[in-house]
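Visitor:
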Amino acid sequence: MKPLICSALAAGSLLLFIPAALAQSQTQRGEYLATIMDCTGCHTPGTFLGKPDLQRPLAGSEVGFQIPGLGIFYPPNLTPDRETGLGKWSEADIIKAVRTGVRPDGRQLVPIMPYHSYGKLTDADAKALAGYLKSLKPVRNQVPGPVGANEKPSSPYLTVVMPQ
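Residues -23 to -1, 1 to 141 (mature numbering (1 follows the signal peptide of the UniProt record, and there is no 0)) are what the sequence shown spells out, left to right.
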């Protein structure tokens, strides 16, 4: 009978480790998704200048995108910094923004953010991505705010120029 007790105790101990293993694999899944979705391609300082700052991944960009008729928009800081990033956003807020393009304050993200495509994420993948972003080291990095269509920007931006 003693071997059964030991086996039961061992099995119970193993169950204690399963949630930690699942949390780790969910964070790894989120990191994988952020990588294949190329979040760093827009949201990392220096990327558009040819020198990505790998010490501040996903901390936002100092180079924006001009959307004709709308203005210039700068990719925000996705780290959980409470002042300059997503630190005050809940996991549900992040999931909603990624899937629908709607921020917690009700503003719509510009369509350069491919939320139409990301709206197809499964619930598990959306949760993994949001969990990964919440797990990052907070990086204080204030990106320039949006600039209206008729305003003069003070930071660099990318634009589309039609052939003449």
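Backbone N, C-alpha and C define an ideal beta-carbon position, used for all residues, glycine too.
When burial is assigned at 16 or more other CB atoms within 10 Å of the CB, is residue 118 buried or exposed?
Guide: Buried, by the Cβ-count rule.
Visitor: Residue 39: buried (16+ other C-beta within 10 angstroms of its C-beta) or exposed?
Guide: Counting Cβ neighbours within 10 Å, residue 39 comes out buried, since at least 16 surround it.
Visitor: Could you tell me which uninterrupted beta strand (DSSP E) segments, each at least 3 residues in length, are contained entirely in the segment 41 to 79, listed from first to last along the chain?
Guide: Runs of the beta strand (DSSP E) inside the segment 41 to 79: 41 to 44, 48 to 50.
Visitor: When burial is assigned at 16 or more other CB atoms within 10 Å of the CB, is residue 137 buried or exposed?
Guide: It is exposed - the Cβ of residue 137 has fewer than 16 other Cβ atoms within 10 Å.
Visitor: Which two residues bound the contiguous alpha helix (DSSP H) that contains residue 105?
Guide: 100 to 112 is the extent of the alpha helix (DSSP H) around residue 105.
Visitor: For residue 57, which of 113, 134, 73 has the nearest alpha-carbon?
Guide: Of 113, 134, 73, the residue nearest in Cα terms is 113.
Visitor: Could you give the DSSP three-state label for residue 83: helix, strand or coil?
Guide: Here residue 83 sits in coil by DSSP.
Visitor: Taking 7 Å as the limit between beta carbons, can you name the residues of its chain near residue 61, skipping five residues before and five after?
Guide: Same-chain partners within the cutoff: 54, 117, 118, 119.
Visitor: Thinking C-beta only, is residue 109 closer than 8 Å to residue 27?
Guide: No, Cβ-Cβ distance for residue 27 and residue 109 is not below 8 Å.
Visitor: For residue 71, is the classification buried or exposed, using 16 other Cβ atoms within 10 angstroms of its Cβ as the cut-off for buried?
Guide: Burial call: buried.
Visitor: Please report the straight-line C-alpha distance between residue 222 and residue 20, rounded to a whole angstrom.
Guide: As shown, the chain starts at -23 and ends at 141. That puts residue 222 outside it, with no answer to give.
Visitor: How many angstroms separate the CA atom of residue 105 from the CA atom of residue 140?
Guide: Approximately 42 Å, taken between the alpha carbons.
Visitor: CB-CB under 6 Å to residue 50, same chain, minus the five flanking residues each way: which ones, in chain order?
Guide: Counting only Cβ-Cβ distances below 6 Å, and skipping sequence neighbours, we find 41, 42, 87, 123.
Visitor: Thinking just about the alpha-carbon of each residue, which of 44, 73, 102 is nearest to the one in residue 2?
Guide: Checking every option, the nearest Cα to that of residue 2 belongs to 102.
Visitor: Nearest CA to the CA of residue 15: which residue from 96, 90, 65?
Guide: If we check each option's Cα against that of residue 15, 90 comes out closest.
Visitor: So, using beta-carbon positions, are residue 29 and residue 17 closer together than 8 Å?
Guide: Contact flag set, yes.
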